[in-house]
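Participant:
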DNA sequence: TTTGTTTATGACAGCGTTGTCATTAAACTA
DNA sequence: TAGTTTAATGACAACGCTGTCATAAACAAA
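Chains as they are written, first to last, in my numbering: chain A, 1 to 337; chain B, 1001 to 1337.
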């Protein structure tokens, strides 16, 4: 037999409405009453029915995780973090993988929100950086948090969790410079991703800070893919004046670069140092293991969800949350001989 | 304004109950009536409220995907497949990552099912192979599908989707034999995973079929991890009589073996051929790219979900569904010189 | 036809909550 | 103290659907 709110009310000798107030943390309940109710709920091992709650209220007690990201590890980590917070706070998670590049992606998302009556959205790149989408969501009063690349200073729309790619990129470049490298090439990620730009700018800034001039030949356009790393490294290896280090915008690119160097018989790290970004599990499984930067994806997800749920409950908290990916030195880099 | 069942009923000039019948595919509705209703639903772009449905009925219209698997790619593919079918059939998906090794895993799952009132479960290895769990689920009348390693002949409990690892393993081994290899080592996966056993048996059977004796030194215990591949390959390379090919039970092990060989300066595939299993994305990103076996994970997920939802609707279909992973020849194998 | 039988459809209560508004109790104020 | 304001609590309808049971329509057999 399922325990309902009435049993709890009876047990606590209050009305069901008061129990409801306690469940939803509504103000205007005396502490003593609240305690009684909480106790009754525990004694009866009561859990409110999600279905009844969402039917009766305008909320659905569900949030959506919408993503378009080929990196399964990232998604799983995010998802697990979101799920943790959802469980704690009695919310459900609706997963919505999608393709950010289809023309009607915005409609698709708005439709989903409307249909499922989602209380909020967790958005990751590149969706979190789609200005048009953000605009429409705000217009329709949809609540959301965005995980985006940036330093948390700028006036971004909506609540944001900032990932300071630039600082991490600066640190990586600085590290290479300290190893004595001066000819450091950079293979870019997708130009539409803000992280790509931020990472490039961090690289640029670090070079500048050490007075090293930027060599245009060493900056290769690309996207966040293995193939891009292969192509990028190939063209770098074709240069008369070759770089001594390659900074790949993410681990996949780095793996591709590694692959291309291997094909060419170039020793890593003896002849060229390579660094990646993201700390994908496979960055530990290449040979040699990749030096890279790690971001605490699950913590990011938790913070994001926390922020979102506060918003959903109209507890506006305007704090700036920023994460700094951390340099992880492994075996694909060494001091310039 | 949200469209409800009453609007549809009005539009189709029938009672709401009849609309309900159509929604749930209940028998006893004349075809003409059904058409009218379907048409009205489309015209109004109607979607039933999950909350109301589950409140009113004993079902929740939610199924659970419970997994413990470190392979993010596998999980994402499964999840996407399940999600596709859920959307089609108006079900919701509840994701539940867990640790299959905690002592009270069975209670945890039973509790989840009870609490969320899940209509069914999709189970993947190793949970799908936990006899105790299966037993308890059957006892409590919980519906489920199991994705398991096997050939679909055995009398397994519950509905199963079989992955014929053995046949694929046989094919891989046969392929190595055809390349002229006779000294083929095998690095095992987790002994608790049925797939591990099946893969080993396929290997054994293939050797036998070609009259090649099994060399005990060449069979290395392990688990499905990179580290295990490193260790396994190291001990193989330490043998006085070395293998000319290594069959790793999955791509992670293969990547580890590759890594160990590189460390030792052993050329792949010139000196040793290596094959993996699973076709993880990173098997395309190693150098050289791994020869492996691919399973259509998303299709597997769809079949499984389909089967589960039929069960949920009490449409018992007792068909045997089997998938055969397919050999993918890439660059980590070559004919014995 | 008429009656009986089956099949298709509808009326209505109820699922477990929340929102609204009324009521009561408590806390001030003069 | 009585009167007034404020805080705490409760009664009850409503949310959108399904289950049960009653009724109407269609068909078959006489």
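Beta carbons are placed, not taken as given, at the ideal position from N, Cα and C, and that holds for glycine.
Keep in mind that this is a model prediction, so the values were computed, not measured.
According to a CB-to-CB cut-off of less than 9 angstroms, which residues of the stretch 1077-1102 of chain B neighbour chain A?
Facilitator: So the list reads 1077, 1079, 1080, 1083, 1092, 1093, 1094, 1095, 1096 and 1097, given in the order they occur along the chain.
Participant: Is residue 111 of chain A close to chain B, meaning its C-beta is less than 7 angstroms from at least one C-beta of that chain?
Facilitator: Chain B contact via Cβ: absent.
Participant: List the endpoints of the continuous beta strand (DSSP E) containing residue 160 of chain A.
Facilitator: Segment 159-163, the beta strand (DSSP E) holding residue 160 of chain A.
Participant: Please identify the residue among B:1199, B:1215, B:1228 and B:1281 whose C-alpha is closest to the C-alpha of residue 1148 of chain B.
Facilitator: The candidate whose alpha carbon is nearest that of residue 1148 of chain B is B:1199.
Participant: What does the alpha-carbon distance come out to for the pair residue 1044 of chain B and residue 1020 of chain B?
Facilitator: When rounded, the distance between both Cα atoms is 15 angstroms.
Participant: Checking 7 angstroms against the spacing of the C-beta atoms, do residue 358 of chain A and residue 188 of chain A come in under that value?
Facilitator: The question about residue 358 of chain A has no answer, for chain A in this structure spans 1 to 337.
Participant: When DSSP labels each residue in this structure, what does residue 1047 of chain B get in the three-state scheme?
Facilitator: Correct three-state label for residue 1047 of chain B: coil.
Participant: Counting beta carbon pairs with one atom in the stretch 237-246 of chain A and one in the stretch 1237-1248 of chain B, are three or more of them shorter than 8 angstroms?
Facilitator: Judged by Cβ distances under 8 angstroms, the stretch 1237-1248 of chain B makes no contact with the stretch 237-246 of chain A, as fewer than three pairs qualify.
Participant: As an exercise, report each continuous alpha helix (DSSP H) stretch of at least 4 residues that is fully enclosed by the stretch 1149-1230 of chain B, in chain order.
Facilitator: 1165-1178 and 1194-1209, all fully within the stretch 1149-1230 of chain B.
Participant: Going residue by residue through the stretch 279-332 of chain A, where are the continuous beta strand (DSSP E) segments of at least 3 residues, counting only ones entirely within it?
Facilitator: Segments of the beta strand (DSSP E) lying fully in the stretch 279-332 of chain A: 292-294, 321-323 and 326-328.
Participant: Applying a beta-carbon distance threshold of less than 8 angstroms, which residues of chain B neighbour residue 115 of chain A?
Facilitator: Ordered by position in chain B, the residues that pass the 8 angstroms Cβ test against residue 115 of chain A are 1047.
Participant: Just to confirm my understanding: we take residue 41 of chain A, look at its own chain, exclude 5 residues before and 5 after, and list those with CB closer than 7 angstroms. What are they?
Facilitator: Around residue 41 of chain A: 8.
Participant: Could you check where the alpha helix (DSSP H) with residue 1111 of chain B kicks off and where it finishes?
Facilitator: 1105-1116 is the span of the alpha helix (DSSP H), which, as asked, contains residue 1111 of chain B.
Participant: Taking residue 1253 of chain B as the reference, which of B:1278, B:1138, B:1242 and B:1238 has the closest Cα?
Facilitator: The shortest C-alpha separation from residue 1253 of chain B is found at B:1278.
Participant: Are the C-beta atoms of residue 55 of chain A and some chain B residue less than 7 angstroms apart?
Facilitator: Chain B, which has a Cβ nearer than 7 angstroms to the Cβ of residue 55 of chain A, makes this yes.
Participant: Would you mind stating whether residue 1282 of chain B and residue 1300 of chain B have Cβ atoms separated by less than 7 angstroms?
Facilitator: No.
Participant: If contact means a Cβ-Cβ distance below 9 angstroms, which residues of the stretch 163-181 of chain A contact chain B?
Facilitator: For the stretch 163-181 of chain A, which is checked against every Cβ of chain B, not one residue is closer than 9 angstroms.
Participant: Considering only the beta carbon of each residue, do residue 225 of chain A and residue 1051 of chain B sit closer than 7 angstroms?
Facilitator: Not in contact: residue 225 of chain A and residue 1051 of chain B (Cβ atoms no closer than 7 angstroms).
Participant: What residues of chain A sit near residue 1203 of chain B, judged by a beta carbon separation below 7 angstroms?
Facilitator: Under the 7 angstroms cutoff, chain A gives no residues; its nearest Cβ is about 23 angstroms from residue 1203 of chain B.
Participant: Between which two residues does the beta strand (DSSP E) containing residue 1238 of chain B stretch?
Facilitator: Run containing residue 1238 of chain B: none; DSSP gives neither H nor E here.
Participant: Can you give the beta carbon distance from residue 1142 of chain B to residue 1159 of chain B, rounded, assuming they're within the 8 angstroms contact cut?
Facilitator: With a Cβ gap of about 12 angstroms, residue 1142 of chain B and residue 1159 of chain B do not count as contacting.
Participant: Only counting the same chain, and skipping five residues up and downstream in sequence, which positions put a Cβ closer than 6 angstroms to that of residue 1095 of chain B?
Facilitator: Contacts found: 1065.
Participant: Just the Cα atoms here: how many angstroms apart are residue 1123 of chain B and residue 61 of chain A?
Facilitator: Roughly 26 angstroms between the two C-alpha positions.
Participant: At which residues does the beta strand (DSSP E) containing residue 1062 of chain B begin and terminate?
Facilitator: Where residue 1062 of chain B is concerned, the enclosing beta strand (DSSP E) stretches over 1062-1067.
Participant: Just confirm the distance between the C-beta atoms of residue 340 of chain A and residue 290 of chain A, as a whole number of angstroms; I'd bet it's less than 8 angstroms.
Facilitator: Given a span of 1 to 337 for chain A in the structure shown, any question on residue 340 of chain A remains unanswerable.
Participant: When the cut-off is 7 angstroms and only beta carbons count, does residue 73 of chain A lie next to chain B?
Facilitator: With 7 angstroms as the cut-off, residue 73 of chain A counts as an interface residue toward chain B.
Participant: Just checking my contact of residue 1106 of chain B with residue 1132 of chain B at CB under 8 angstroms: how many whole Å lie between their CB atoms?
Facilitator: Confirmed, about 6 angstroms.
Participant: Counting only C-beta atoms, is residue 32 of chain A closer than 7 angstroms to chain B at any point?
Facilitator: No, no contact with chain B.
Participant: With a cut-off of 8 angstroms on the beta carbons, I'd call residue 1110 of chain B and residue 1136 of chain B a contact; round off their distance for me.
Facilitator: So it is a contact: roughly 6 angstroms between Cβ atoms.
Participant: Could you list which residues in chain B have their beta carbon closer than 8 angstroms to that of residue 258 of chain A, in chain order?
Facilitator: Those within 8 angstroms of residue 258 of chain A in chain B are 1287.
Participant: So is residue 314 of chain A buried or exposed if we call it buried at 16+ other beta carbons inside 10 Å?
Facilitator: Classification of residue 314 of chain A: exposed, given that the 10 Å Cβ count is below 16.
Participant: If you run the structure through DSSP and keep just helix, strand and coil, what is residue 123 of chain A?
Facilitator: Strand at residue 123 of chain A.
Participant: Cβ atoms of residue 171 of chain A and residue 328 of chain A: under 7 angstroms apart, would you say?
Facilitator: Contact flag unset, no.
Participant: I need the straight-line Cα distance from residue 257 of chain A to residue 190 of chain A, nearest angstrom please.
Facilitator: Rounded to whole angstroms, residue 257 of chain A to residue 190 of chain A spans 16 angstroms at the Cα level.
Participant: For residue 262 of chain A, which residues in chain B fall below 9 angstroms Cβ to Cβ?
Facilitator: Near residue 262 of chain A (Cβ distances below 9 angstroms), the residues of chain B are 1287 and 1288.
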